[in-house]
Amino acid sequence: MENVSGLSFYKMLGSGAGNGFSIWPDFSTFVLLTVWEDSSDYEAFARTNARHMEFLERQSKYGRAELTPFKGHGTWNGSQPFEYSNPPEGDYPLAVLTRASIKRSKAFKFWRNVPGVSKHITSTPGLIWAKGVGELPLVEQATLSIWRSAKELSSFAYGGEGKHKSMVVKTREIGWYSEEMFVRFAVNRLVGSFQQVSD
Numbered sequence: 034m035e036n037v038s039g040l041s042f043y044k045m046l047g048s049g050a051g052n053g054f055s056i057w058p059d060f061s062t063f064v065l066l067t068v069w070e071d072s073s074d075y076e077a078f079a080r081t082n083a084r085h086m087e088f089l090e091r092q093s094k095y096g097r098a099e100l101t102p103f104k105g106h107g108t109w110n111g112s113q114p115f116e117y118s119n120p121p122e123g124d125y126p127l128a129v130l131t132r133a134s135i136k137r138s139k140a141f142k143f144w145r146n147v148p149g150v151s152k153h154i155t156s157t158p159g160l161i162w163a164k165g166v167g168e169l170p171l172v173e174q175a176t177l178s179i180w181r182s183a184k185e186l187s188s189f190a191y192g193g194e195g196k197h198k199s200m201v202v203k204t205r206e207i208g209w210y211s212e213e214m215f216v217r218f219a220v221n222r223l224v225g226s227f228q229q230v231s232d
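As numbered in this note's numbering, the sequence shown has no gaps in its residue numbers, which increase by one up to the final residue, 232.
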């Protein structure tokens, strides 16, 4: 992947068991996150890259989300890989990436708070798909989620006295991240399997 034409950023991510928000690994599910200079670069890669085609042949299920970032903040390993476009008008499906480096001294306290949020997200109206992923178990973590609308996402993230809202407050109070990133994407296209995690 190092010398692929048009590929400006990539991460190969493992996932946790169940819906991904677990200290136990899921060796059946992986995520390849890529950022391309142009869609034609990805199309050429998908059509001609031998390793990519071999990877796809081994999969029993495969899903691809084509996304355009329009809002975000923070960094990933010190870099900001996304070029933000203007947000689309009206209501639209969107995807969210939240990513963090968890301070090792805060990891135990962080993971004690995760189960409540993970149970809440899978039963939330408007959620199409969600998975907890990461580069390193326990300390380099991310969440990818896809939603029918921004309104339904906001209801989960900030509405009422929900578990996620409580987690956001605790994040500010406890400061358990040494680095974090939050990005919203417009969903251009979903291909393949994006079954809800609990299915």
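We treat Cβ as the ideally placed atom computed from N, Cα and C, and that holds for glycine.
Selection from Thr108, Leu130, Phe103 that minimises the alpha carbon distance to Ser118: Phe103
Please report the straight-line C-alpha distance between Leu89 and Tyr95, rounded to a whole angstrom. 7 angstroms
Nearest residue (CA-CA) to Lys44, options Glu213, Met34, Ala50, Leu223: Met34
Using the Cβ count rule (16 or more neighbours within 10 Å means buried), how would you classify Leu127? buried
Are the CB atoms of Val129 and Trp180 within a distance shorter than 9 angstroms? yes
Segments assigned beta strand (DSSP E), at least 3 residues, entirely inside the region 133 to 179: 160 to 169
Please confirm whether Phe54 and Ile154 have their CB atoms less than 9 angstroms apart. yes
Residue range of the unbroken alpha helix (DSSP H) whose run includes Asp74: 72 to 81
Put Ser235 into one of helix, strand or coil per three-state DSSP. Because the chain is modelled from 34 through 232, residue 235 falls outside the range shown and cannot be assessed.
Cβ atoms of Trp162 and Ser132: under 9 angstroms apart, would you say? Contrary to the premise, residue 132 reads as Arg rather than Ser in this sequence. Not in contact: Arg132 and Trp162 (Cβ atoms no closer than 9 angstroms).
For Met86, three-class secondary structure by DSSP: helix
Report the rounded CA-to-CA distance for Gly39 versus Tyr75, giving the unit in angstroms. 8 angstroms
Taking all protein chains shown into account, decide if Glu3 is buried (16 or more other Cβ within 10 angstroms of its Cβ) or exposed. Absent from the structure is residue 3, since the part of the chain shown begins at 34 and ends at 232.
Contacting residues, own chain, Cβ-Cβ under 6 angstroms from Thr157 (five flanking each side not counted): Phe189
How many whole angstroms separate the CB atoms of Leu46 and Ala175, which I take to be in contact at a CB cut-off of 8 angstroms? 7 angstroms
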